[in-house]
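Enquirer: Chains as they are written, first to last, in my numbering: chain A, 1 to 244; chain B, 245 to 547. Below is one structure. I have some questions about it.
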């Protein structure tokens, strides 16, 4: 399997604290990879580093490299990551534009697309198919949506940016169990169609059932890695993250 | 009756100037939550640019007639004034934004930029006032005792056209959506593949070019230019934007016209020295009753 994304010995500062101390991992084309770990372990920091979000809101890369298809993307403009590499981040807390309608949120995500109206319309259709609730609420201001619907919108927006690689930061947060399973079923469906997924989750049980491979992060370092079946059986991982 | 109509027209004209300037404050505030205190001086620079452009077009090198000069001066002035606004953003505000400076420092920077524009003008051009050339042949229409000049109609028309245009940009276009999006959540804008600096530059282009238009029309209506002409009118337009609800385009327009009506209303009853005292007192009472402004929302939903 070719490596699509390679994180190589990455040191990152977030605020005044060194948040990542030399982590390395890879994501292959078409894979679902998950990063699990406790709150504050550095999972979100990792995703924001890959997305190249600028400080001060986001982390500052001190050393190490992030490569996409073999080329370093450190220092690339964050909008180019989305527009040119088709690598999208669904951030923690969703960050939808609450003052815009559902439809406008989706439309805004097509801002930098260079393909034609046909492809864009096909993607609208697809998003509304995957998330019928969004279709029902098309004209509503998105701040009036429920938490689950906002998460759908956040994922839908990423899809509208024509991403082929999606990074998800805590998509299960605040969702009722039923909606959560729905969301993961949809993500699985997208993966089967070829979407590469990098998932950050605190709900390690769920993440390790969903992903192919996993990495366990603890205070800025990777402490365990392997296929998910293997991690699920690892006594250390079980004890620390899966509730025994 | 004629007296009232005459005053309404005057109020609309003054309101138009305030509104055209106020929207520049409101656009930049909506996108950056920055009060661009240099904006009144950008209006002043716009008037001077209009003066030089008009003199150049009328002058011996080009030698256009006044009407064509007017037609060409509009886009040239707007373009050059937009350049001034964008330059300010590029050399003064953007470096601070990159460093994550606190808003207070950015506002202070804006104030200083305004002063630099004023005193830069004074240093380069001297204290003598400039007389703006006549571009439009003055036409006065009489309806009973009401006299309307073509220029007055033009000013009011320009303000309304700009309002309709901006409303369209902000509500219907993708770049307008991005502007509204930034005001709600700046963090997520690059995640949509949108270059945030491009949106900010576009915002400055809009605000400054309309300040340039206001400068041109103002110079035609009150043809004496001096370096500090933007200070008071800028403050008033800013207050109008706040009273209307800063960050909201409708707020800037209604606030601007409201101020125009209050001022003209006061002058039509009291001696003109009472104008600003009364006008600001009334605005103070409005803010006291509705601190977020007429169209303002308490939440960070702007533009």
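Backbone N, C-alpha and C define an ideal beta-carbon position, used for all residues, glycine too.
Could you pull the start and end residues of the beta strand (DSSP E) that residue 480 of chain B belongs to?
Expert: Careful: residue 480 of chain B lies outside any beta strand (DSSP E), inside the alpha helix (DSSP H) at 473-488.
Enquirer: Closest Cβ-Cβ distance between residue 492 of chain B and chain A: below 8 Å?
Expert: No, its Cβ sits nowhere closer than 8 Å to a Cβ of chain A.
Enquirer: Using beta-carbon positions only, say whether residue 475 of chain B and residue 265 of chain B come within less than 8 Å of one another.
Expert: Taking 8 Å as the Cβ cut-off, residue 475 of chain B and residue 265 of chain B do not qualify as a contacting pair.
Enquirer: Kindly examine the ligand MN and report whether one of its heavy atoms sits closer than 7 Å to the Cβ of residue 492 of chain B.
Expert: No copy of the ligand MN appears in this structure; indeed no ligand is present at all.
Enquirer: At a Cβ threshold of 8 Å, is residue 255 of chain A touching chain B?
Expert: Since the first residue of chain A shown is 1 and the last is 244, residue 255 of chain A is not available in this structure.
Enquirer: Check this for me: beta carbons of residue 469 of chain B and residue 539 of chain B, under 8 Å apart or not?
Expert: For residue 469 of chain B and residue 539 of chain B, no; Cβs fall outside 8 Å.
Enquirer: Shorter than 8 Å from the beta carbon of residue 496 of chain B to some beta carbon of chain A?
Expert: Not one chain A Cβ lies under 8 Å of residue 496 of chain B.
Enquirer: Any idea what DSSP makes of residue 287 of chain B, helix, strand or coil?
Expert: Helix at residue 287 of chain B.
Enquirer: Going along chain A, which residues have a C-beta under 7 Å from residue 439 of chain B?
Expert: Chain A residues near residue 439 of chain B: 77 and 79.
Enquirer: Is residue 211 of chain A closer than 8 Å to residue 228 of chain A when the C-beta atoms are compared?
Expert: In this structure, residue 211 of chain A lies closer than 8 Å to residue 228 of chain A by Cβ.
Enquirer: Let me know if residue 483 of chain B comes out buried or exposed under the rule of 16 or more other beta-carbons within 10 Å of its beta-carbon.
Expert: By the neighbour-count rule (16 or more Cβ atoms within 10 Å), residue 483 of chain B is buried.
Enquirer: Under DSSP, the alpha helix (DSSP H) around residue 524 of chain B begins and ends at which residues?
Expert: First-last of the alpha helix (DSSP H) with residue 524 of chain B: 519-533.
Enquirer: For the stretch 131-147 of chain A, enumerate the residues whose C-beta is nearer than 7 Å to any C-beta of chain B, in chain order.
Expert: Hits within the stretch: zero.
Enquirer: Can you give me the C-alpha to C-alpha distance between residue 114 of chain A and residue 503 of chain B, rounded to a whole angstrom?
Expert: Between residue 114 of chain A and residue 503 of chain B, the C-alpha separation is close to 46 Å.
Enquirer: How would you call residue 466 of chain B, buried or exposed, if buried means at least 16 neighbouring beta carbons within 10 angstroms?
Expert: The residue is exposed, with fewer than 16 neighbouring Cβ atoms inside 10 Å.
Enquirer: Assign residue 533 of chain B to buried or exposed, taking buried as 16 or more other Cβ atoms, counted over all protein chains shown, within 10 Å of its Cβ.
Expert: Per the 10 Å Cβ criterion, exposed.
Enquirer: Less than 8 Å between the C-beta atoms of residue 487 of chain B and residue 255 of chain B, yes or no?
Expert: Contact: no.
Enquirer: Less than 8 Å separating the beta-carbons of residue 150 of chain A and residue 94 of chain A?
Expert: Contact flag set, yes.
Enquirer: Does any CB atom of chain A fall closer than 8 Å to the CB of residue 489 of chain B?
Expert: Chain A, which has no Cβ nearer than 8 Å to the Cβ of residue 489 of chain B, makes this no.
Enquirer: What whole-angstrom Cβ distance do residue 425 of chain B and residue 89 of chain A have, given they're in contact under 8 Å?
Expert: Residue 425 of chain B to residue 89 of chain A, Cβ: 16 Å. No contact.
Enquirer: Please list, in chain order, the chain B residues whose beta carbon lies closer than 7 Å to that of residue 111 of chain A.
Expert: Correct list: 418, 422, 436, 437 and 438.
Enquirer: DSSP has residue 252 of chain B in a bridge; who is on the other side?
Expert: Answer by DSSP bridge pairing: none, since residue 252 of chain B is not bridged.
Enquirer: Compile a chain-ordered list of the residues in the stretch 92-111 of chain A whose CB is closer than 7 Å to at least one CB of chain B.
Expert: Within the stretch 92-111 of chain A, the qualifying residues are 95, 97, 98, 99, 100, 104, 107, 108, 109 and 111.
Enquirer: Determine the burial state of residue 172 of chain A: buried for a count of at least 16 other Cβ atoms within 10 Å of its Cβ, exposed for fewer.
Expert: Residue 172 of chain A comes out buried.
Enquirer: Could you have a look at residue 135 of chain A and say whether DSSP puts it in helix, strand or coil?
Expert: Three-state DSSP puts residue 135 of chain A in a helix.
Enquirer: So, do the stretch 392-404 of chain B and the stretch 62-73 of chain A have three or more beta carbon pairs nearer to each other than 8 Å?
Expert: No: fewer than three Cβ pairs fall under 8 Å.
Enquirer: Taking the continuous beta strand (DSSP E) assigned at residue 61 of chain A, which residues delimit it?
Expert: Element bounds for residue 61 of chain A: 60-68.
Enquirer: Please confirm if residue 344 of chain B has its CB atom under 8 Å from at least one CB of chain A.
Expert: Answer yes: the Cβ-Cβ gap between residue 344 of chain B and chain A drops below 8 Å somewhere.
Enquirer: Rounded to a whole number of angstroms, what is the C-alpha to C-alpha distance between residue 485 of chain B and residue 272 of chain B?
Expert: Residue 485 of chain B and residue 272 of chain B: Cα-Cα distance of roughly 12 Å.
Enquirer: Once DSSP output is grouped into helix, strand and coil, what is the label at residue 123 of chain A?
Expert: Helix.
Enquirer: Is the CB of residue 56 of chain A under 8 Å away from at least one CB in chain B?
Expert: Output row for residue 56 of chain A: interface = yes.
Enquirer: Helix or strand or just coil, what does DSSP make of residue 177 of chain A?
Expert: DSSP places residue 177 of chain A in helix when its eight states are reduced to three.
Enquirer: Going along chain A in order, which residues have a C-beta closer than 8 Å to the C-beta of residue 428 of chain B?
Expert: Those are 97, 98, 99 and 100, listed as they occur along chain A.
Enquirer: With a cut-off of 8 Å on the beta carbons, I'd call residue 451 of chain B and residue 267 of chain B a contact; round off their distance for me.
Expert: So it is a contact: roughly 7 Å between Cβ atoms.
Enquirer: Tell me which residues share the same chain as residue 220 of chain A and place their Cβ nearer than 6 Å to its Cβ, disregarding the 5 neighbours each side in the sequence.
Expert: 19, 20, 21 and 42, listed in sequence order.
Enquirer: With distances taken Cα to Cα, identify the nearest neighbour of residue 99 of chain A among B/274, B/345 and B/302.
Expert: Out of B/274, B/345 and B/302, B/274 has the C-alpha closest to the C-alpha of residue 99 of chain A.
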